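One structure below.
Numbering (this note's numbering), first residue to last: 6 to 215.
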């Protein structure tokens with residue numbers, strides 16, 4: 006479980022085919038000068054997708070300040086449901102470690118199970134250094150767009166503003182633009198979308214088809 010508060014943004018080291026899926030390699034993030042303490046088997050949300058650390062791969066001296074890279078295995082389902090099929094070396098991705106009991110919940114409850122994708126359709130800078138970005142989500146996801154409701158875009162907990170059909174706005178403050186990959190978003194940029202799980206549970210409980 007995650008909160009949508011991004012802890013680090015790192016460049017992709019490599020993405021290579023692995024069976025029907027792929028192997029993703031990322032540099033080990035750090036908290037200031039201290040590298041993250043990450044063990045094999047831990048869950049990390051990468052751009053909102055919950056993935057398991059499959060391996061810790063040593064790096065050559067001088068190649069990185071961290072002792073090893075993190076290796077993740079992406080299934081075919083993950084590649085098809087997310088925009089990760091477009092990943093390439095150097096692209097920045099958002100990271101968040103899984104919650105521990107007793108942690109603060111500063112965003113909203115994010116499972117890391119992506120519902121689909123969205124795309125940037127418009128960008129407008131605002132006077133305080135922030136930015137308003139308009140997104141369009143995949144067909145079928147518009148029913149979860151509630152004005153002032155929560156949504157996860159590339160793992161970032163954000164608030165839906167002015168939903169209309171499949172499109173809606175989000176207002177990004179300068180800090181979010183600085184600390185996440187949304188600061189580099191352009192028209193056409195794809196993002197992973199996870200709707201608010203409370204809305205999905207309410208929808209499921211309201212069904213009469215079992």
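Beta carbons are placed, not taken as given, at the ideal position from N, Cα and C, and that holds for glycine. A quick note: this is a predicted structure, and the numbers were derived from the prediction, not measured.
Would a C-beta distance cut-off of 8 angstroms place residue i and residue j closer than the cut-off?
| i | j | result |
| --- | --- | --- |
| residue 197 | residue 127 | no |
| residue 52 | residue 159 | yes |
| residue 135 | residue 179 | yes |
| residue 118 | residue 8 | no |
| residue 24 | residue 125 | no |
| residue 144 | residue 171 | yes |
| residue 40 | residue 71 | yes |
| residue 20 | residue 92 | yes |
Report the CB separation of residue i from residue j in whole angstroms; it is logged as a contact under 8 angstroms.
| i | j | result |
| --- | --- | --- |
| residue 74 | residue 18 | 6 angstroms |
| residue 82 | residue 10 | Actually they are not in contact, since the Cβ atoms of residue 82 and residue 10 sit about 26 angstroms apart, beyond 8 angstroms. |
DSSP three-state call for residue i: helix, strand or coil?
| i | result |
| --- | --- |
| residue 72 | coil |
| residue 53 | coil |
| residue 87 | coil |
| residue 22 | strand |
| residue 195 | strand |
| residue 44 | coil |
| residue 62 | strand |
| residue 212 | coil |
| residue 92 | coil |
Rank the options by C-alpha distance to the C-alpha of residue i and give the top, closest one.
| i | options | result |
| --- | --- | --- |
| residue 205 | 141, 192, 95, 146 | 146 |
| residue 141 | 45, 190, 185, 174 | 174 |
| residue 29 | 110, 15, 40, 41 | 15 |
| residue 162 | 195, 200, 132 | 200 |
| residue 97 | 202, 6, 185, 107 | 185 |
Ranges of the beta strand (DSSP E) found wholly within the region 94-160, counting only runs of at least 3: For the region 94-160, whole beta strand (DSSP E) runs of length 3 or above, ordered along the chain, are 97-102, 121-130, 136-142, 155-158.
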